[in-house]
Amino acid sequence: MTTLWGDLTWELLESDFQAAYKTTARVGPGKLAEIKEESGGFTSQVVFVTLDWIGEGAAELPGKAVLKIVSSQTLKDIKNLTVEGSTEDGEMDVPAMLNNNELNFYRHWHKWGLGDLPVVKFLAGRDVEAGSAIGYIALEYKEGMTARFLYNTIPEESFIQFLKVMAKVHGTTLANQSFASDFPSNVRKLLNSKYVTYASTASHLEKVLEQYPEAAEKINNMKEYAKIYSDYDREQAIRKKTCPIELLAHGDTSLANVLWQKHGEKGLDLTALHDWQTCHVGNPFMDLSRLMALSLAPELLQNRRNHYLHIYYNEFKTHAGEATPWKNGDEVVDAFEQIFPLEMVSVTSLLVPFVPLMLRTCPESEKEAVKVELFEKLRGVIDLCDEFIRKWNLTQ
21 MTTLWGDLTW
31 ELLESDFQAA
41 YKTTARVGPG
51 KLAEIKEESG
61 GFTSQVVFVT
71 LDWIGEGAAE
81 LPGKAVLKIV
91 SSQTLKDIKN
101 LTVEGSTEDG
111 EMDVPAMLNN
121 NELNFYRHWH
131 KWGLGDLPVV
141 KFLAGRDVEA
151 GSAIGYIALE
161 YKEGMTARFL
171 YNTIPEESFI
181 QFLKVMAKVH
191 GTTLANQSFA
201 SDFPSNVRKL
211 LNSKYVTYAS
221 TASHLEKVLE
231 QYPEAAEKIN
241 NMKEYAKIYS
251 DYDREQAIRK
261 KTCPIELLAH
271 GDTSLANVLW
281 QKHGEKGLDL
291 TALHDWQTCH
301 VGNPFMDLSR
311 LMALSLAPEL
321 LQNRRNHYLH
331 IYYNEFKTHA
341 GEATPWKNGD
351 EVVDAFEQIF
361 PLEMVSVTSL
371 LVPFVPLMLR
381 TCPESEKEAV
391 KVELFEKLRG
401 VIDLCDEFIR
411 KWNLTQ
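If you want it as structure tokens, here you go:
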């Protein structure tokens with residue numbers, strides 16, 4: 021057996037492609053696996069492969085692919101950053117669950133009426149099964165793409181493209197509620213029960229306080245609000261109030277989960293949305309909270325968010341029809357403000373410890389300037405969480 025990465029072998033990959041494409045072609049001697057640091061994920065290893073097919077039907081097979089591989093190794097870098105007192109027990113459970121959930125999405129999404137949704141083409145994959153140490157997803161390799169990361173921001177017109185894609189996802193699945201039956205479990209609910217607790221969030225907010233001592237009052241208010249993570253009924257009441265009908269949520273709407281294509285000097289066009297590991301049946305404002313908080317410069321988040329929410333609502337209606345969960349754009353704004361802290365208090369508490377990992381893809385010469393911009397972006401999120409907690413009296 022020839023190792024490709026970790027426990028995944030070339031022979032296993034070849035066998036899966038043969039089954040998916042009903043072919044007897046073989047991977048040739050020119051096969052190549054390349055790991056690029058800038059493309060690595062937190063719970064999976066990204067490997068670019070050249071397959072060099074030989075034999076009958078070789079010309080019809082994809083010559084290159086992008087593999088997202090999970091194994092028992094893929095959580096070691098982040099395990100101690102996420103949960104206080106984490107142990108080795110069940111170390112494989114999370115990446116296995118995420119791998120299988122994303123495979124489930126690729127196997128079913130075409131049935132949900134999403135039509136020409138810009139999604140990376142799925143080629144082949146393998147579920148992590150009981151007793152197995154490997155799982156992966158093989159996706160189409162697209163030339164000429166560029167990446168953006170959690171520490172980046174994007175131009176307003178690029179953000180609006182992303183916003184409208186999410187309105188399509190949410191609105192279409194409002195009109196096609198049968199999609200929910202294709203989800204055997206709710207990954208976000210399971211992840212939150214494991215990682216998003218009051219104890220862990222409060223502990224991580226102490227690290228946030230070290231970074232922003234001048235914001236002590238706001239961070240302590242966030243810590244008081246974080247008690248909601250120990251009150252499932254209270255959480256669910258807010259979700260239900262802001263969107264009574266559950267829709268398809270992506271679960272991780274960050275810039276890193278989009279393939280972008282440059283145009284002109286600074287322009288970026290959204291080509292495809294990927295990384296559906298945490299997609300679930302849920303509340304659309306969780307997606308919108310991450311999208312706005314992690315994509316926009318602080319001044320745009322503060323001054324233009326309501327404008328963007330009205331754009332979202334108008335686009336949502338084109339896919340869902342008039343029978344939406346909200347009467348108008350102002351109700352969308354109100355709902356967003358009440359959900360934003362529920363999503364972003366926990367996310368912000370994790371991002372500060374994650375900064376060294378997040379910056380691993382940044383050129384060394386740019387790291388200090390980028391770190392300053394990133395902390396300014398996170399400070400804007402802290403300000404907004406505090407503002408909405410107070411406005412809606414959310415600590416009661």
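According to the working numbering, the sequence shown is numbered sequentially starting from 21.
All C-beta atoms in this analysis are idealised placements derived from N, C-alpha and C, irrespective of residue type, glycine included.
Give me the residue from 284, 291, 344 with the minimum Cα distance to residue 192.
Working through the sequence shown from its first residue, we reach residue 192 at position 172. Checked all of 284, 291, 344; the closest Cα to residue 192 is 344.
Check each candidate in 284, 231, 355, 63 and name the one with the smallest Cα separation from residue 391.
As a position in the sequence shown, residue 391 is number 371, starting the count at 1. It is 231.
Let me check understanding here. Comparing Cα to Cα, which of 133, 88, 153, 246 lies closest to residue 123?
What you label residue 123 is simply residue 103 of the sequence shown in a count that begins at 1. Checking every option, the nearest Cα to that of residue 123 belongs to 88.
Neighbourhood of residue 339 by C-beta, 6 Å cutoff - its chain only, sequence neighbours within 5 removed
Locating residue 339 in the sequence shown gives position 319, where the first residue counts as 1. The residues are 188, 191, 192.
Report yes if the C-beta of residue 192 is less than 7 Å from at least one heavy atom of the ligand SAH; otherwise report no.
By its list of ligands, the structure shown contains no ligand whatsoever, and the ligand SAH lies outside what it can speak to.
Quick check on the burial criterion: 16 or more other C-beta atoms within 10 angstroms. Buried or exposed for residue 274?
For the purposes of this step, residue 274 is taken as the residue at position 254 of the sequence shown. Counting Cβ neighbours within 10 Å, residue 274 comes out buried, since at least 16 surround it.
Limits of the unbroken alpha helix (DSSP H) element including residue 439
Nothing can be reported for residue 439, as the shown portion of the chain is limited to 21 through 416.
Tell me the rounded alpha-carbon separation between residue 324 and residue 411.
In the sequence shown, counting from the first residue as 1, residue 324 sits at position 304. In the sequence shown, counting from the first residue as 1, residue 411 sits at position 391. Their Cα atoms are separated by approximately 18 Å.
Using the beta-carbon count (16 or more within 10 Å), is residue 201 buried or exposed?
The residue you call residue 201 lines up with position 181 of the sequence shown. Result: exposed.
By how many angstroms is the C-alpha of residue 396 removed from the C-alpha of residue 181?
Counted from its first residue, the sequence shown places residue 181 at position 161. Counted from its first residue, the sequence shown places residue 396 at position 376. Computed Cα separation, rounded: 24 Å.
For the beta strand (DSSP E) containing residue 167, list its first residue and its last residue.
The residue you call residue 167 lines up with position 147 of the sequence shown. It is not in any beta strand (DSSP E) - residue 167 carries neither H nor E in the DSSP assignment.
Proximity below 8 Å, CB of residue 370 to CB of residue 224:
Locating residue 370 in the sequence shown gives position 350, counting from the first residue. Locating residue 224 in the sequence shown gives position 204, counting from the first residue. Cβ distance < 8 Å, so residue 370 and residue 224 count as in contact.
Taking the alpha helix (DSSP H) that residue 68 falls in, what are its first and last residues?
Your numbering for residue 68 matches position 48 in the sequence shown. Here residue 68 belongs to no alpha helix (DSSP H); instead the beta strand (DSSP E) covers 65-70.
Contact set for residue 328: own chain, Cβ-Cβ below 8 Å, skip 5 residues either direction
To locate residue 328, count along the sequence shown from 1; it is residue 308. If we look at residue 328 and ignore the five residues flanking it on each side, its Cβ neighbours are 179, 180, 183, 312.
Around the C-beta of residue 141, are 16 or more other C-beta atoms found within 10 angstroms, so that it is buried, or is it exposed?
Translated into the one-based positions of the sequence shown, residue 141 becomes position 121. When all chains shown are included, residue 141 counts as exposed.
Whose CA, out of 22, 68, 79, lies closest to the CA of residue 45?
The count along the sequence shown starts at 1 and reaches residue 45 at position 25. Among 22, 68, 79, the Cα nearest to that of residue 45 is on 79.
Among the candidates 292, 367, 330, 250, whose CA atom is the shortest distance from the CA of residue 306?
Reading the sequence shown from its first residue, position 286 is the one you call residue 306. If we check each option's Cα against that of residue 306, 367 comes out closest.
Residue interval of the beta strand (DSSP E) (run including residue 292):
If you number the sequence shown from 1, residue 292 lands on position 272. It spans 287-293 - the beta strand (DSSP E) in which residue 292 sits, taken as one unbroken run.
For residue 52, count neighbouring C-beta atoms within 10 Å of its own C-beta (all shown protein chains included) and say buried if the count is 16 or more, exposed if not.
As a working mapping, residue 52 is identified with position 32 in the sequence shown. With fewer than 16 other Cβ atoms within 10 Å, it is exposed.
Start and end residues, alpha helix (DSSP H) containing residue 270:
Position 250 of the sequence shown, counted from the start, is the residue given in the question as residue 270. Per DSSP, residue 270 belongs to no alpha helix (DSSP H) and is neither H nor E.
Count the other C-beta atoms from every protein chain shown that fall within 10 angstroms of the C-beta of residue 99, then say buried if there are 16 or more, exposed otherwise.
As a first step, residue 99 is located in the sequence shown; it is residue number 79 there, counting from the start. Low confidence applies to residue 99: its pLDDT is 49, below 50, so where it sits in the model is not reliable, and the reading given next is rough at best. Result: exposed.
Please classify residue 74: does DSSP put it in a helix, a strand, or coil?
Numbered from its first residue, the sequence shown carries residue 74 at position 54. Correct three-state label for residue 74: strand.
Residues in its own chain within less than 6 Å of residue 267 by CB, not counting five upstream and five downstream?
Here residue 267 is taken as the residue at index 247 of the sequence shown, counted from 1. Closer than 6 Å at Cβ, skipping near neighbours: 190, 193, 194, 304.
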